[in-house]
Structures are given as C-alpha cells and as structure tokens.
Amino acid sequence: MGDIEYLLDEFQRLISQKKFLRPGYIKIMASTPSLEHLMQQLETLQRELEESRQAQEKSRDNEFKYRSVVENANEAILVAQDGFLRYANPKAEELLGFSAGQLSAKSWLSFIHPEDRSMVRERHEEILSGKKLPNVYPLRIVSRDDKTIWVELKVSLFSWNNQQATLCFMSEITERKQADEKYHRVLESTYEGFMLLDSDLVINDVNKALLRISGFSREDFIGQIVDKFYDKASVNFYSASRDHLSFEASFRSKAGVQIPMLFSRSILKDENGAINGYMYFLSDLTELKATQEELKMAEQRYRNMYQNAVQAMFQSKISGELLRVNPSYANILGYSSPEEVLNVKDDAHKFYFSPEDQSRMIQAVKKKGALVNYELRLKRKDGKPVWILANIRLTKNDRSDPILEGILVDNTKRKVLEKELRRDRKKFRNLSIHDNLTGLYNTRHLYNVLDDLIEESKLTQKPFSLIFMDMDNFKRVVDTYGHLNGSQALKEVASTIKSCLKGPCFGVAYGGDEFVIVLPGFNKLWAVEKAEQIRSKMKQTTYLINAGCNVHLGASFGLATFPDDTDSRTGLLGLADKAMFRIKQIGKGSIGITES
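Here the numbering used here is used: the first residue of the sequence shown is 19, the next is one more, and so on.
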C-alpha cells in the first residue's frame, strides 16, 4: 500500500497547487472513493501526464525542425509587421548585408529600391486589404553596400504573435534579369515577329517586328488569346513534337490584310517540368509564297533545262553507282550520250584515276551532308584528266534510300590558267626584284635584304660585308662604242660578278655603271679576298668580243663590314661608297677598305 499512499499524496499536492482543476478530480476528492476506483483514477492521471509530456516533446521537436529549415533555407525569409521587419533568417541577413537586429530597427521599405517603393507599398496595402493579386513578383532591393539586387518576392498573410503579418520569401534573380534584358534586346533586334504567352495562350509580350508586320499596337495584343489573330481554317501543320509546333496560317493584320505567316511555337517549362507558357516566332511568308508560286510556274521550264544545262548533273547511289546523268555529264567525260555513260562497265569507278579519290569524296559528303566546290580529277573516255568542281549533297529518294546528287562544272581550263598564273606570278616577282639589263638583283631587293641581314647579324653575332663597285673610265667605252655596246658591256661585267659568287652572296645593279656585292657571313678579310677575285677576273676578261670591240675593263672597289664599321644599312652603304671614292681619287682600279 506504500505506492498507493505515495500517489495519493502526490495527487493531493497537485490539487493543492491547482495543477489540475478538472471537475472529475474535484468529484474524486468530494467523496470517499473505493480503492479500486481510486486506482483507476490514478492510472488515468498517470496516462494523461505521459501524453502531456510526449506532446510537449513533440512540440519542441517540431519547433526545432521548422527553425532549422528556416535558418538553413536558400531563400531569404522575412516577417514584416507594422512597417518593420520582425524576423530575418541568415540568408536574408546575407542578402541585405545587415544583421537581424539591424534589420528589425529599420522600416522594411528602406530596403526597397527608390523606384520600386511606390509599387511595393501599393501591392502590400492591397494584399492586406484582402485583394487577390499574384503572390510572386520581381522588384529591386538595395543592400548595405548600396548594390542594387533584383529579387523575386513571394508574399502571404499569416499571424505573428497573434497579429496579422506578412511572410516574405525572397530569391535573388539578378543574373536572370540581366539574361532577360539581353534576351529582350535580341528579340527587339530580330526581323521575325515574337509573342510570349502564358499557359492559357494569353499574350503577355510582343516585339517591335510583330508590330511593324501587323500594324497593331502593343496594347492590341496584350491580354488577348493568340487564336484571335489567325484563321484556324487556314492552318497547315509543318512539324510537331512534344515541345515544338510549326504551322502556317493566315494572320489578320490591323488593315484586314491576310498575311501568310509561319508560326513556330515552343513550350516553356518551370524547374519542375510543368508548362508555364509558350513562345511564338512569326515569319512573314509573303515574299516566300510569291517565290514559291514563281518556282511552281517555272518548274516545267527547269525540267526542260535539265537536258540542256551546261553544267553536268547526276544522281548516284551512296556506293557511287550512277542512277541518272544529263547530256553535259556525258560530254564532260567524253561520251556521246547519258546512256553510254550509264552502260559503262565497273560504273563510276572507271571515271576515277584512283579509287581513293572516290572514297574520300563519298566519306566527305557523308560527314558534312553536302560539298561545295569540291575539286575532283576524273578520267575521260580517252583517258585524259578533266578537273571539275563538284557541288554534291546527300539526300534520299522516294524509297528513303540514301543517294548522292550534284552538279559538276568543268574546271580544267581554270586549272591550266591557275598553273600559268602561278608561273607568271613567280616570273613577275622575279622581275620585280631583278634588274632587267644585267639580271642582277635591284636596289629594292638590296634594301630589304640588308635590313634582314642586320637583324640576323645581331642575333647570331656573325658579320657580313658589302662591296661597292664602280666601273673605271666607263664613259670612254660608251663614247667610243656607243650606248648599246655600253649596255652589253655592263651585262658581261654582271656575268663576271655572278661567276665569282655562290649563295647566299649576290650582286646588285646599283645604278648606271655601279654595282654592289653583298657577302653574308663574310668578315673584312674574306670580303677583301672576294673583291680581289672579282677585280682579277675582270682584268683577265676581254669584253664585247662578239661585237668585235675586244675591250678590257676595270673597276674601283670600296668595302665595309657590319657590325665592325657601322650599325645601320645607310651607314654601311655610305662607308663602302666612301672607301670606293677614295680609290677613285688616288688612281682607280684598286680596293678601298673602311677602317674600323
């Protein structure tokens, strides 16, 4: 009985502390209960105490879970009441740059961008008044560092501390808004019409191109069902898939004109995959329709032109086996008729010099789908080569078998001309840097090469030398034997110079009876030896023999070396010229050396 006495004492204590005031308990104390009845009441009391304890623990658990969800949410969560922020989760503190305590001391409107405050205030008042409005809308806020941030705000009314308040969920959408702005700029710059529809096919936005095409204003479109603007009876479907629809229909302009229009519709979905709108691109087909009609009228003419076309036309299997050719195809390959071509044994393989050429062409068209101006060398009936430019595409016949079809243009003459042009270009380039009379290089080439040699010498630390050469008493030759023989004598002197030189050394006709010899890699000593070789060979040579003149010629030489004597092209030429001029002054026929 000790436990029962203890429970009775505890129950009496609870009653005295007014922990329980239920009528049943008072009734128990008002009468003398039986032991059995008392035990039942105690069991009931014990059970209710346990249930109360469990309910309190569950409540604390739920509170902890909800607080954890809110505190760790990726969205900023705020509670606005009486013009102030009563609560802000960590994400809100991070977004706005203030602590929860700092946020609670400020008016909630102070965080709204000045240009959006009026709109936000009006919507807030309308929501508080019970007006039904979309509970999600974009706006701009200003963070602590005065940074403007675009957010998407979701609002709902609820009770906070037994008073009405607004629960706000805020997600940053700055990058999305920037992308939207870029997207709108693109739409406004396109020539195609554009419509943005909601999930009920109500038009929310259009671009300027559609206004121009239709003659309607933006207000004429917004809020209207898209079906209002085209004739459903005229719809002709082009393609349809789960997310895309393409059809042609007559669009009614404001002036009542029926415009053939291509509608390309794509479905817009939210992050959960649910449809939340549609996007239409509208293309004016007026010009295309006119062109199609013209093509239809001209189709018969084109059929006739196939047989008379200058270009070769063909169709073949993907293996290369010919199915159809026109007369020009046969003509290019030297056959008398298309039938003769199609009856060739080994079929198309016989038209190639190498099977690899055909294989490469087929692989290329398989990979790219089409070839434009693809160059091929084919074999004519007589075995001669013919160069063609092929425009080939991979397509399908009526049975959906893959086939090749294309147009060939005889490019043989052009190939010959290109070869001649390359030869002429080489010839012209050669002429542009050579002297017409002597065949030596000209001064244009000299100046370019000297600049390159100077840069190369600086890098390699190797010298090069230059010889300035001037004919002695050459005017006497001209006066005696005439200008034509004078020119011939210069040509023969140039031959003497060239016979003494090996690459990369070269001679230059500098002007009149002056020459320059460029000696890459030659130091001063080697350059003196080369000048002496030329001087000696000239003394040993009799010129103008064929003219019956038997003339002996001489020259004066001046020599300078880079970088020993100078560090520039002008200085090098100048020093060599001065060295030569000194020889002229003291007796001619010798070699002048620039002193370092």
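Just so you know, even glycine gets a beta-carbon here, dropped at the ideal spot from N, CA and C.
This structure is a prediction, so every number in the text was calculated from the model and none was measured.
### Task
Pick helix, strand or coil for Lys335, following the three-state DSSP scheme.
strand
### Query
Straight-line CA distance for Lys165 to Ile159?
8 Å
### Query
What are the start and end residues of each continuous alpha helix (DSSP H) run of 4 or more residues lying completely inside the region 162-216, in chain order?
192-207
### Nonlocal neighbours in the same chain, by C-beta distance under 7 Å from Glu210, ignoring five residues either side
Ala227, Phe299, Leu300 and Ser301
### Query
In whole angstroms, what is the alpha-carbon distance linking Arg162 and Pro108?
15 Å
### Task
Can you tell me which of the three DSSP states Val362 falls into?
coil
### Task
Grab me the residues of Leu449's own chain with a C-beta within less than 6 Å of its C-beta, minus the 5 sequence neighbours each way, in chain order.
none
### Query
CA-CA distance, Phe369 and Leu396?
5 Å
### Task
Find out if the Cβ-Cβ distance for the pair Asp490, Gly592 is shorter than 8 Å.
no
### Task
Could you check the C-alpha separation between Phe102 and Ala273 for me, to the nearest Å?
54 Å
### Task
Given a cut-off of 8 Å, decide if Ser284 and His262 are closer than it, judged by their beta-carbon atoms.
yes
### Query
Under a three-way DSSP split, which group does Tyr43 fall into?
Caution is warranted here: a pLDDT of 44 is assigned to Tyr43, below 50, making its placement in the model unreliable, and the coordinate value is therefore given only provisionally. Here Tyr43 sits in helix by DSSP.
### Query
Taking Cβ positions, are Gly295 and Ser217 nearer each other than 8 Å?
yes
### Task
Decide if Lys444 is buried, meaning its Cβ has at least 16 other Cβ atoms within 10 Å, or exposed.
exposed
### Alpha-carbon to alpha-carbon, Val383 and Asn344
21 Å
### Query
Per DSSP, which one or two residues make a beta bridge with Tyr528?
Answer is none; Tyr528 lacks a bridge partner.
#### Entry: alpha helix (DSSP H) segment containing Thr579, residue limits
Where Thr579 is concerned, there is no enclosing alpha helix (DSSP H), although the beta strand (DSSP E) it sits in stretches over Ala573 to Phe580.
### Query
Any beta-carbon of chain D closer than 8 Å to the one on Met379?
The question asks about chain D, but that chain is absent: this structure has only one protein chain.
### Task
Tell me whether the beta-carbon of Tyr561 lies closer than 8 Å to the beta-carbon of Ala507.
yes
### Query
Can you give the Cα-Cα distance for Ser271 and Asn254, rounded to whole angstroms?
19 Å
### Message
Once the 5 residues before and after Gln551 are set aside, which same chain residues still bring their CB inside 6 Å of it?
### Response
Cys518
### Query
On the three-state DSSP scale, how would you describe Pro132?
coil
### Query
Can you tell me whether Thr208 is buried or exposed, with buried defined as 16 or more other CB within 10 angstroms of its CB?
exposed
### Cβ-based burial, Leu439 [other Cβ within 10 Å; buried from 16]
exposed
### Query
Excluding the five sequence neighbours on either side, which residues of its own chain have a C-beta within less than 8 Å of the C-beta of Ile221, listed in chain order?
Met213, Leu214, Leu215, Phe239, Ile240, Gly241, Gln242, Ile243 and Val244
### Query
Gly589 lies in the alpha helix (DSSP H); which residues open and close that run?
Arg587 to Ile604
### Message
Does Gln276 come out as helix, strand or coil in the three-state DSSP assignment?
### Response
strand
### Task
Answer with buried or exposed for Leu39, where buried requires no fewer than 16 other C-beta atoms within 10 angstroms of its C-beta.
Confidence at Leu39 is low in this model, with a pLDDT of 43, below 50, so the placement of that residue should be treated as unreliable; the coordinate-derived value is given next. Exposed, because fewer than 16 other Cβ atoms sit within 10 Å of the Cβ of Leu39.
### Message
Three or more C-beta pairs under 8 Å: does that hold for the region 574-590 against the region 461-477?
### Response
yes
### Query
From what residue to what residue does the alpha helix (DSSP H) around Lys226 run?
Lys226 to Ser232
### Query
With 16 as the cutoff for other CB atoms within 10 Å, does Ile563 come out buried or exposed?
exposed
### Message
Strictly by DSSP, which residues pair up with Asn409?
### Response
Ile425
### Message
With distance defined between alpha-carbon atoms, name the residue in Trp544, Glu317 and Gly500 nearest to Pro481.
### Response
Trp544
### Query
For Glu374, which of Ser354, Gly338 and Lys596 has the nearest alpha-carbon?
Gly338
### Boundaries (first-last residue) of the beta strand (DSSP E) holding Lys250
Tyr248 to Ala258
### Message
Could you compute how far the alpha carbon of Gly529 sits from the alpha carbon of Thr559?
### Response
22 Å
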